[in-house]
Each structure stands twice: as C-alpha cells, then as structure tokens.
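Undergrad:
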RNA sequence: GGUGGGGUGCCGGAGCGGUUGAACGGGCCUGUCUUGAAAACAGGUGUGUUCGCAAGAGCACCGUGAGUUCGAAUCUCACCCCCACCGCCA
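In this note's numbering, the protein residues as written are 8 to 407.
As structure tokens, this is what we get:
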C-alpha cells in the first residue's frame, strides 16, 4: 500500500496520480477526512486510557476512585468502538489507493497512451494460420477434451508441444539462473494477506480462484516477494534476484469474448517469473536490466517483437512503471503481449515489510520489481512464427 | 482424521491478575584496561502511533480477534500458525 504520509502531506500528488490512471480522486478526500476523524478519536481514547492507567496503579487508588473508573470504562467502550469503526473505514479506503505513477509514464486513458518504443526482428510471416488450428491439426493441442474435462479456457498440450513447453520453461529458468537469479518453486495456493500485501487485492480479487479459504496464485511474483517478508537486508546483499516457476490461475473475469479461441488467454498456464528486491536508487536501473533480460530471452527464438512503455491508464495498481514485450502473432497480424515487467517502488515492500539497512545505518523500505521470462504465450508466438507452408511447424532446436 | 505440546524482544528463555516494555543468559553497540586484540569490568541496546518546532510526553504492542476485570503477557472463548506421535494417502 501507499505510504500514508504521502497521502497526508502531498494529497495533490496522489490525486494527480489517480487521475492519470483514470480513477476517482474523491478517494483521497475521503481518506483525509477519515484520517482527521481518526486522529481526534484516538486522542480521546488515549486520554481516557491514560487517566485509567494512572488511577489503577495500585489497588488502593483503584478502590478509592471506583466510581470515576466505572465512568471511564463506559466512555472508553463507546470511544473505542468508534475508533475501530473509523480505523476500518480508513484502511478500506487507503488500500484502494494505487501506487504513484512514475514521471516518465505517458498519460492517457486505458491503453491509449501505451507507446511502442522499439521494434526488433524481421517479420517472416505477415499473416498465418492461428496456433490453435496448427496445433490441433497436428494433435499438439486438445481444447475440446479440455473443455469437457475442465471447462473453457483450459488446454491439453500434447506430443512435441508438451515437451517444447517444458523445455521452454526449463530454458527460461536456466537463463535466469545463469544471470544470477536464485531458482524457486513456490506454492501455488496462498493465504489472503499474500495478495493484499503484493497489491493484487482488493483490486484484482475477482480475477482470482478461491479454494476454501485460500487463493490460487495468478503469478509466482507474490510468492517470491513473500520470501522477503519481515526481512531487513544489508545494502550489500541487494539486489536480491529470484526466479520462480509456477502454474498460474486466473479467472479472466471481465474478458468475456476476448481471445476465446486457442490458448492465448487461459485459466491455467505455466510461467517463469523473476523478482528483484533492490534499493530505491537502483530500482530504475534494475527495471532496465529486467527488460533487457526479457528481450534477450525472446530474441534467441527469433520471434519479432516490440517493446511497449505502458501508459498510466493501463498500469497495475502496485506498479509505478511498466514495460510489455509484445511478440508478433501472424494469425492476428499484430503484436500481442507475451512479457511484462513492472517497477513497484516500495508499494509491495511496505506490505511485506521488506527493508534494507543503508550504508548510513538507516533502515528503509526496499523497492520490488518483477518480470516475465517465459509463459505459454511465448510458445504460441514461436509456433506461429515458425509455421511452414505445408502446415507443419519447425520448432527451434532448443525446444525439440 | 486422532492425541499431546507450543507460539514472549536479534536469539535462547522466565514471567503469584496490579510501578513488567517485560527477569536471567547470549548477541550487538559504547566506554575502561591493552602496543593491538582477546578476556575482564561499567554502561547502553524493540516497534508502531498520537500530540509537539523541538526537547519530550502519552497510548498501544508478549500469534490474531473477542471477552471477564477498577486493572490482563498473566484468566475465558474462538481462530491462525508451528512441533511431536498415531492413522490414512502420494
């Protein structure tokens, strides 16, 4: 969540940031008002408690002041109830405040401000058959049985595609390990606070599958961040770089009718994801590093792509800045998102209480960043861009 | 699923319901001593929050949440988590 001091002391900055995202700035006024009320009521409660604590120091004074204490107790009961209620409402509003948008993020509603900053690779297939048609014909993909067994938006990967998928995940993991990331295979079910602390709740709650009192992760990112929970790193140990592999689960609520064919948008998919924890001074540099990693990984499969700087209206709540890599999909005749990397500033570090001790000995919140190394979407792009005129697919040697 | 034992400060570990924010030990920091270090000795060492320019004062925090009480780390209830053993299963 956002630093409350920023909301208190720089409400205009917060309002600006919210309106850049297309949100309602009334939220800020609501919090400020609730905060004001909260401070008043806290003052009242504390004064009453102080009085009580003084009078109950010894049994004698407690007995002498029995009547007064009874009165205090009753007043306190009312005041404390009010305190709780205001605090709860303040928290509710506060947790709806998204991260401050970075200055160099283009401003615009929705996806309108997304800006392509770089195009890489030659497009060999301007058009082509869709991955689901290619793969289904070759018996690499069975969405029909998946629909029978699990419902819409699930897949059976079969034969060479099943193997290519595993190899892609494996390569992605090794690629990151070679560059200094520590490999992690996290749990895929998590308790609610993991989502709250990483900034996925309350915003993305509808997009999450719940299993009894737990939730299936939509990415391993929060699980990797949780490894930093309540830890104070020394500056020399940063950046902490982790790479995780996990299956990911998303309801894809609100995307009815979008990408319904094939396996571009699935309820379940596998992903290799990196997370970095670093200092505020070095987080921008780290963000560029993650982006370069993604580009390097994508480029080795000869997939044409573009890098997009995501505009304010399309930014996730915990992110202050985000880049997407979009790979060329011949069947759609356009670039589609395969990778994403976000700098979340101290938004998530605050939630998980991830700190570091600087060279001056002071403790402060770290910055967290995340990025995709590979998902099934990259496999699809590889497949579509390697289709042959005869309807076959020539997989790159690394994935065979 | 069953039975039992636990969750206290950086760590270990105490804690008759009333000057306990918390004994004691370790660690860490600072001094004294030493050429330096060790040892020894002395002192210090939590977090959050409210008010305040500050100095400082208050309040809260002993897994979480409710409750009993004039007063709770200490009593009651619920929940969460951890550990051990048994059963079942991969």
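Every residue gets a Cβ at the ideal spot worked out from N, C-alpha and C, and that includes glycine.
Quick check: the stretch 366-382 against the stretch 309-321, are at least 3 beta-carbon pairs closer than 8 angstroms?
TA: No, the stretch 309-321 is not in contact with the stretch 366-382.
Undergrad: Which residue marks the beginning of the beta strand (DSSP E) containing residue 248, and which one marks its end?
TA: The residue given as residue 248 occupies position 241 in the first chain. Counting along the chain, the beta strand (DSSP E) containing residue 248 begins and ends at 247-256.
Undergrad: Checking the sheet assignment: what are the DSSP bridge partners for residue 196?
TA: On the first chain, residue 196 is found 189 positions in, with the first residue counted as 1. BP columns for residue 196 point to 223.
Undergrad: Would you call the stretch 182-193 and the stretch 241-258 in contact, with 3 or more CB pairs under 8 angstroms?
TA: The stretch 182-193 is in contact with the stretch 241-258.
Undergrad: Using three-state DSSP, classify residue 132 as helix, strand or coil.
TA: For the purposes of this step, residue 132 is identified with residue 125 of the first chain, where counting begins at 1. In this structure, residue 132 counts as coil in the three-state DSSP scheme.
Undergrad: What are the boundary residues of the beta strand (DSSP E) that residue 374 is part of?
TA: Here residue 374 is taken as the residue at index 367 of the first chain, counted from 1. Note, residue 374: beta strand (DSSP E), 374-382.
Undergrad: Under a three-way DSSP split, which group does residue 60 fall into?
TA: Residue numbering aside, residue 60 sits at position 53 when the first chain is read from its first letter. Note: residue 60 maps to helix in three-state DSSP.
Undergrad: Starting from the C-beta of residue 220, find all residues in its chain whose C-beta is less than 8 angstroms away, skip the five residues before and the five after it, and write them out in chain order.
TA: Residue mapping note: residue 220 aligns to position 213 of the first chain, counting from 1. So the qualifying residues of the chain are 198 and 199.
Undergrad: Could you pull the start and end residues of the beta strand (DSSP E) that residue 240 belongs to?
TA: Taking the first residue of the first chain as 1, we reach residue 240 at position 233. Here the beta strand (DSSP E) through residue 240 covers 239-241.
Undergrad: What is the residue span of the beta strand (DSSP E) that residue 332 lies within?
TA: In the first chain, counting from the first residue as 1, residue 332 sits at position 325. Here the beta strand (DSSP E) through residue 332 covers 328-336.
Undergrad: Measuring CA to CA, which of 318, 240, 349 and 277 is closest to residue 291?
TA: The count along the first chain starts at 1 and reaches residue 291 at position 284. Answer by Cα proximity: 349.
Undergrad: Over what stretch of residues does the beta strand (DSSP E) that includes residue 314 continue unbroken?
TA: Stepping through the first chain from its first residue, residue 314 is reached at position 307. Run containing residue 314: 312-316, per the beta strand (DSSP E) assignment.
Undergrad: Assign residue 81 to buried or exposed, taking buried as 16 or more other Cβ atoms, counted over all protein chains shown, within 10 Å of its Cβ.
TA: Counting from one through the first chain, the residue named residue 81 turns up at place 74. By the neighbour-count rule (16 or more Cβ atoms within 10 Å), residue 81 is not buried but exposed.
Undergrad: When you compare only the Cα positions, how much space is there between residue 380 and residue 319?
TA: Translated into positions along the first chain, residue 380 becomes position 373. Translated into positions along the first chain, residue 319 becomes position 312. Roughly 23 angstroms separates the two Cα atoms.
Undergrad: In chain order, which beta strand (DSSP E) runs of at least 3 residues are fully inside the stretch 61-115?
TA: The stretch 61-115 contains no whole beta strand (DSSP E) run of 3 or more residues.
Undergrad: Look at the alpha carbon of residue 385 and the alpha carbon of residue 38, and state the distance between them as a whole number of angstroms.
TA: The residue you call residue 385 lines up with position 378 of the first chain. The residue you call residue 38 lines up with position 31 of the first chain. Approximately 42 angstroms, taken between the alpha carbons.
Undergrad: List the DSSP bridge partners of residue 285.
TA: Numbered from 1 along the first chain, position 278 holds the residue referred to as residue 285. Paired residue(s): 374.
Undergrad: Taking a contact to mean a Cβ-Cβ separation below 9 angstroms, would you say residue 160 touches residue 239 in this structure?
TA: Locating residue 160 in the first chain gives position 153, counting from the first residue. Locating residue 239 in the first chain gives position 232, counting from the first residue. Going by C-beta atoms, residue 160 is not nearer than 9 angstroms to residue 239.
Undergrad: So what's residue 298 in DSSP terms, helix, strand or just coil?
TA: Taking the first residue of the first chain as 1, we reach residue 298 at position 291. In this structure, residue 298 counts as helix in the three-state DSSP scheme.
Undergrad: Output yes or no for whether 9 angstroms exceeds the beta carbon distance between residue 306 and residue 128.
TA: Residue 306 sits at position 299 when you count from the first residue of the first chain. Residue 128 sits at position 121 when you count from the first residue of the first chain. Cβ atoms of residue 306 and residue 128: closer than 9 angstroms.
Undergrad: Does DSSP put residue 22 in a helix, a strand or coil?
TA: Residue mapping note: residue 22 aligns to position 15 of the first chain, counting from 1. Reduced to three states, the DSSP call for residue 22 is helix.
Undergrad: Go ahead and pull the three-state DSSP assignment for residue 54.
TA: Against the first chain, residue 54 aligns to sequence position 47. Residue 54: helix per DSSP, three-state reduction.
Undergrad: Looking at C-alpha atoms only, which residue of 56, 393 and 375 is the closest neighbour of residue 134?
TA: If you number the first chain from 1, residue 134 lands on position 127. Checking every option, the nearest Cα to that of residue 134 belongs to 393.
Undergrad: Suppose contacts are defined by Cβ-Cβ distances below 9 angstroms. Is residue 213 in contact with residue 363 by that definition?
TA: If you number the first chain from 1, residue 213 lands on position 206. If you number the first chain from 1, residue 363 lands on position 356. No, they are not a contact pair.
Undergrad: Quick one: what does DSSP say residue 149 is sitting in, helix, strand or coil?
TA: In the first chain, counting from the first residue as 1, residue 149 sits at position 142. Residue state, collapsed to three classes: strand.
Undergrad: Comparing alpha-carbon positions, which option in 95, 56, 103 and 289 lies nearest residue 83?
TA: Working through the first chain from its first residue, we reach residue 83 at position 76. Of the candidates 95, 56, 103 and 289, the one whose C-alpha sits nearest the C-alpha of residue 83 is 56.
Undergrad: Taking only the alpha-carbon atoms, compute the straight-line gap between residue 5 and residue 374 and give it to the nearest angstrom.
TA: Lying outside 8 to 407, the shown extent of the chain, residue 5 is not represented and no answer is given.
Undergrad: Report buried or exposed for residue 173, applying the criterion of at least 16 other Cβ atoms within 10 angstroms of its Cβ.
TA: Numbered from 1 along the first chain, position 166 holds the residue referred to as residue 173. Classification for residue 173: exposed.
Undergrad: According to DSSP, is residue 170 helix, strand or coil?
TA: Within the first chain, numbered from 1, the residue matching residue 170 stands at position 163. The answer is helix: DSSP assigns residue 170 an H, G or I state.
Undergrad: With distance defined between alpha-carbon atoms, name the residue in 218, 378 and 264 nearest to residue 299.
TA: The residue given as residue 299 occupies position 292 in the first chain. It is 378.
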